[in-house]
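Peer 1: Under full-length UniProt numbering, residues 1 to 89 are what the sequence shown spells out, in order. Glycine residues also receive a C-beta, built at the ideal position from the N, C-alpha and C atoms.
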Amino acid sequence: MAGRVIRIERVSSRGGIVEEPVVTSKGYQLADPAHGKHKHHAENATYVWTLDEAASLVSRGFSLRMGAKGKPPSLIAPKSLRIVREGDV
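1) By Cβ distance, which residues of its chain are closer than 7 Å to Val18, with the 5 residues on each side in sequence left out?
2) Applying the criterion that 16 or more other CB atoms from any shown protein chain within 10 Å of the CB defines a buried residue, is Pro72 buried or exposed?
3) CB-CB under 7 Å to His40, same chain, minus the five flanking residues each way: which ones, in chain order?
4) Buried or exposed: Val58, going by 16 or more other Cβ atoms within 10 Å of its Cβ?
5) Might you give, ordered along the chain, the residues of its own chain that have their beta carbon closer than 6 Å to the beta carbon of Met61, omitting 5 neighbours on each side?
6) Out of Arg14, Ser80, Ala45, Arg10, state which residue places its alpha-carbon closest to the alpha-carbon of Thr24.
7) Would a check of beta-carbon distances place Gly70 closer than 8 Å to chain C?
Structural data, given as structure tokens:
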């Protein structure tokens, strides 16, 4: 069984800065690929409270909103994300 998720990383961050999942007042924001070109619209957002839940959805093809200080958050495709679990580090 896989260990607990300790972080989700962007494989190639913008400008070499470390980006992290953005936590809103509703939780981590993800986009369902079932919404196609409209998946980035706020009304189609999916929210979860834990990184474990977010990682599960990323593994199913959901995109995750990531950001860093000084950079506006952006939606990152699952193929550009790495899920790090305890025991991986």
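Peer 2: Taking the structure as given:
1) Mapped onto the sequence shown, residue 18 falls at position 18. Ala68, listed in sequence order.
2) One-based indexing of the sequence shown puts residue 72 at position 72. Pro72 counts as exposed, since fewer than 16 other beta carbons sit within 10 angstroms of its beta carbon.
3) Reading the sequence shown from its first residue, position 40 is the one you call residue 40. Excluding sequence neighbours, His40 sits near Ala31, Leu75.
4) Along the sequence shown, read from residue 1 onward, the residue named residue 58 stands at position 58. It is buried - the Cβ of Val58 has at least 16 other Cβ atoms within 10 Å.
5) One-based indexing of the sequence shown puts residue 61 at position 61. It should be pointed out that residue 61 corresponds to Gly in this sequence rather than to Met. Only Pro33, Pro78 meet the Cβ criterion.
6) In the sequence shown, the residue the question calls residue 24 occupies position 24. The candidate whose alpha carbon is nearest that of Thr24 is Ala45.
7) No chain C is part of this structure, which consists of one protein chain only.
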